[in-house]
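>
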Amino acid sequence: MIVVQAPLRISFFGGGTDLPAFYTQEPGSVLSTAIDKRVYVIVKERFDDLIYVNYSRKEIVSHVDQLDHSLVREAMRMSGVSHGVEITTLADIPSEGAGLGSSSSITVALLLALHIYQGESPTAARLTEEACRIEIDILGKPIGKQDQAIAAYGGLRQISFQPDHSITVEGVPVSDRILTRFSQRLMLFFTGRTRSADAILREQVERMPDSIDALRLMRAQVDEGRQALQRGDLDQFGHLLHDAWLLKRRLGGGVTNGQIDDMYRDARDAGAIGGKITGAGGGGFLLLYVPPSAQDDVRDALRDYREVAVGLERDGAKVILNVRQ
444 MIVVQAPLRI
454 SFFGGGTDLP
464 AFYTQEPGSV
474 LSTAIDKRVY
484 VIVKERFDDL
494 IYVNYSRKEI
504 VSHVDQLDHS
514 LVREAMRMSG
524 VSHGVEITTL
534 ADIPSEGAGL
544 GSSSSITVAL
554 LLALHIYQGE
564 SPTAARLTEE
574 ACRIEIDILG
584 KPIGKQDQAI
594 AAYGGLRQIS
604 FQPDHSITVE
614 GVPVSDRILT
624 RFSQRLMLFF
634 TGRTRSADAI
644 LREQVERMPD
654 SIDALRLMRA
664 QVDEGRQALQ
674 RGDLDQFGHL
684 LHDAWLLKRR
694 LGGGVTNGQI
704 DDMYRDARDA
714 GAIGGKITGA
724 GGGGFLLLYV
734 PPSAQDDVRD
744 ALRDYREVAV
754 GLERDGAKVI
764 LNVRQ
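First residue of the sequence shown? That's 444 in the working numbering, and the numbers climb one at a time after it.
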């Protein structure tokens, strides 16, 4: 039996510039971090030749082509596992529509588990490439490449995207002391609703010509945010998050709604310096940067919403159990 975990992520700056509609015209860049909320994939050999897949439902099929779970189906095809296996996926928090990159994390974890099952040891670069191929090229999802990379590599990363479709994943060196202080200032609240990002992202792609100036400003914030974090100017990072949220709202009508606007306004009135909705928007989680002295006030202002404790995660996708019979 093989058990693999992969982290979820929070993207701070540059979201949208990882879409092909942007980076095929000019380079894109994001600043993103893995968080200590994870997805898990369990792969176990079966005595018979059937394929069992357990998630929010259970599938039992005799051939990989019969699977409804598209990520499992394509990961099996790519890894060469064709029969006689049981696959289970689990997640720490809602795994679809939460804005934390869960689909890509599951894809990366599936690929790692299945390659290990085949006796291979894929690199983070290979996992990123194969996960992007599955989600973008094969399944046609209107997404970028940052989620797959952060799930595979982990840590705090600046990820750059080039017009030739290549990506560069760079670790951001920040002292442990600053990272601890930074993590203590992040608060995450569930909006109570999940959503599919596809429609929101398709609208953003359609509106790309009108949003190009905003996206360039969002890309510039990647370097500004990185520098603020490295020098320990954490409140400046929070102010940049607020500016980024104002820019992100310009990308499409589905990014925000009345409920999200009310949550964000109440949090700011209670002392939050900045924040943003995670992922494409429209639901999922509201990320906030809040000085410690104001956190109880923010909790009270958002008492109708569930807070999820969140920390930073250094590791990317990894095997946590490998027991061969």
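Where is the CB? At the ideal position from N, CA and C, for every residue including glycine.
1) Considering only the alpha carbon of each residue, which of Gln468, Pro463, Ser475, Arg516 lies closest to Glu790?
2) Indicate the three-state DSSP secondary structure (helix, strand or coil) for Pro463 in the structure shown.
3) What does a CB cutoff of less than 8 Å around Arg520 pick up in its chain, not counting 5 residues either side in sequence?
4) Using the beta-carbon count (16 or more within 10 Å), is Leu629 buried or exposed?
5) Assuming Ala541 is part of the alpha helix (DSSP H), what are its boundary residues?
6) Just to confirm, are Leu553 and Val484 a CB contact at a threshold of 7 Å?
7) Could you give the residue range of the alpha helix (DSSP H) that holds Asp479?
8) Below 8 Å on the Cβ atoms is my guess for Lys480 versus Leu451; work out the distance and round it to an integer in Å.
9) Going by alpha carbons, who is nearest to Phe604 out of Lys588, Glu539, Thr721, Tyr596?
10) Which complete beta strand (DSSP E) runs does the segment 673 to 706 hold, if anything under 3 residues is left out?
11) Within 10 Å of its beta-carbon, does Ser525 have 16 or more other beta-carbons around it, so buried, or fewer, so exposed?
12) Tell me whether the beta-carbon of Val753 lies closer than 7 Å to the beta-carbon of Gly714.
13) Kindly indicate which three-state DSSP category Pro616 falls into: helix, strand or coil?
14) Does the pairing of the segment 655 to 665 with the segment 507 to 516 give three or more beta-carbon distances under 8 Å?
15) For Leu570, report the span of its alpha helix (DSSP H) as first-last.
16) How far does the alpha helix (DSSP H) with Val741 in it extend, from its first residue to its last?
17) In the DSSP assignment, the alpha helix (DSSP H) including Glu517 goes from what residue to what residue?
18) Just to confirm the assignment: which complete beta strand (DSSP E) runs, minimum length 3, are found wholly within the segment 625 to 660?
19) Put Ile503 into one of helix, strand or coil per three-state DSSP.
20) Taking all protein chains shown into account, decide if Pro735 is buried (16 or more other Cβ within 10 angstroms of its Cβ) or exposed.
21) Could you tell me the boundaries of the alpha helix (DSSP H) in which Gln589 lies?
22) Thinking C-beta only, is Val665 closer than 7 Å to Gly457?
23) Once DSSP output is grouped into helix, strand and coil, what is the label at Leu493?
24) With DSSP as the reference, please indicate the residues paired to Ser454 in a beta bridge.
25) Return helix, strand or coil for Ser547, following the three-state DSSP convention.
26) What does a CB cutoff of less than 6 Å around Asp492 pick up in its chain, not counting 5 residues either side in sequence?
Straight from the coordinates:
1) Since the first residue of the chain shown is 444 and the last is 768, residue 790 is not available in this structure.
2) helix
3) Val507
4) buried
5) No alpha helix (DSSP H) contains Ala541, which DSSP labels as neither H nor E.
6) yes
7) First-last for Asp479: 471 to 488, but that is the beta strand (DSSP E), not the alpha helix (DSSP H).
8) 5 Å
9) Lys588
10) none
11) exposed
12) no
13) coil
14) no
15) 567 to 575
16) 738 to 744
17) 513 to 522
18) 629 to 633
19) strand
20) exposed
21) 589 to 596
22) yes
23) coil
24) Ser475
25) helix
26) His526, Gly527
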